[in-house]
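If you read the sequence shown in my numbering, its first letter stands for residue 5, the second for the next number, and so on. Positions of the beta carbon are idealized from the N, C-alpha and C atoms, including for glycine. Source: prediction; values computed, not measured.
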Amino acid sequence: MAKIYKADKATAQIWRFMANTGIRRGEFAKAVRSDVRGRSIHIESTDEKRTKSGRWREVPLNASAKIALKGLGRESLSPYAADTLTHKFARVAALANVGGNLHILRHTFCSHMVMAGVPLRAVQVLAGHSSSAITERYAHLAPRKKKGAVDKINL
Numbered sequence: 005m006a007k008i009y010k011a012d013k014a015t016a017q018i019w020r021f022m023a024n025t026g027i028r029r030g031e032f033a034k035a036v037r038s039d040v041r042g043r044s045i046h047i048e049s050t051d052e053k054r055t056k057s058g059r060w061r062e063v064p065l066n067a068s069a070k071i072a073l074k075g076l077g078r079e080s081l082s083p084y085a086a087d088t089l090t091h092k093f094a095r096v097a098a099l100a101n102v103g104g105n106l107h108i109l110r111h112t113f114c115s116h117m118v119m120a121g122v123p124l125r126a127v128q129v130l131a132g133h134s135s136s137a138i139t140e141r142y143a144h145l146a147p148r149k150k151k152g153a154v155d156k157i158n159l
């Protein structure tokens, strides 16, 4: 991620926020400052701001997301429409000499959550996946904790 952030300082905080929240491009393009409530962002599904799943969710902001938030807009968090975000990210990724499209930020969020041992159900809720099957794609990244697992019970 460091290469992406360094490639274009003007958009670095956008990519940092998206990577640390798992927010979809359309959700971010429509997010406003009032969606940030306390230590979380509330991703709503309304007629004006439709989420892919049609549901709302709350995503806690980690330290990196909070830092990035300071560099985002005062009213609308994104100065760009969803398609513009996609094109800007493609340009930045090329400058950084890394592959992938804008969705890689969301994929990175889910992947790192699973690798950190976050339960798949929690990742599903945070990412707003409508089906556990979508989240299951990341299951192979989960740490192997079989050893000692049965030691947790003593029947």
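I think threonine 90 touches leucine 106, with their Cβ atoms under 8 angstroms apart; what is that distance to the nearest whole Å? Position 86 of the sequence shown, counting from 1, holds the residue named residue 90. Position 102 of the sequence shown, counting from 1, holds the residue named residue 106. Correct: roughly 5 angstroms between the Cβ atoms.
Cα separation between glycine 75 and lysine 156? Residue numbering aside, residue 75 sits at position 71 when the sequence shown is read from its first letter. Residue numbering aside, residue 156 sits at position 152 when the sequence shown is read from its first letter. In this structure, the CA atom of glycine 75 is about 45 angstroms from the CA atom of lysine 156.
Using the Cα positions of lysine 70 and leucine 159, report the straight-line distance between them to the nearest angstrom. By 1-based counting over the sequence shown, the position of residue 70 is 66. By 1-based counting over the sequence shown, the position of residue 159 is 155. Lysine 70 and leucine 159: Cα-Cα distance of roughly 45 angstroms.
Under a three-way DSSP split, which group does histidine 46 fall into? Here residue 46 is taken as the residue at index 42 of the sequence shown, counted from 1. Reduced to three states, the DSSP call for histidine 46 is strand.
Give me the Cα-Cα distance between alanine 11 and leucine 99, rounded to the nearest whole angstrom. The residue you call residue 11 lines up with position 7 of the sequence shown. The residue you call residue 99 lines up with position 95 of the sequence shown. Using only the alpha carbons, I get a separation of about 6 angstroms.
Does the Cβ of serine 82 have 16 or more other Cβ atoms within 10 Å, making it buried, or fewer, making it exposed? Working through the sequence shown from its first residue, we reach residue 82 at position 78. Buried: at least 16 other Cβ atoms inside 10 Å.
Going straight from the alpha carbon of glycine 103 to that of isoleucine 8, what length do you get? In the sequence shown, counting from the first residue as 1, residue 103 sits at position 99. In the sequence shown, counting from the first residue as 1, residue 8 sits at position 4. About 10 angstroms.
The beta strand (DSSP E) with glutamate 61 in it runs from where to where? Walking along the sequence shown from the start, residue 61 turns up at place 57. At residue 61 the sequence reads arginine, which differs from the glutamate that was named. Annotation for arginine 61: the continuous beta strand (DSSP E) segment containing it runs 61-64.
State buried or exposed for glycine 132, treating a residue as buried only when at least 16 other CB atoms are found within 10 Å of its CB. Locating residue 132 in the sequence shown gives position 128, counting from the first residue. With 16 or more other Cβ atoms within 10 Å, it is buried.
Just to confirm, are methionine 117 and leucine 130 a CB contact at a threshold of 8 angstroms? Walking along the sequence shown from the start, residue 117 turns up at place 113. Walking along the sequence shown from the start, residue 130 turns up at place 126. Result yes, Cβ atoms of methionine 117 and leucine 130 sit closer than 8 angstroms.
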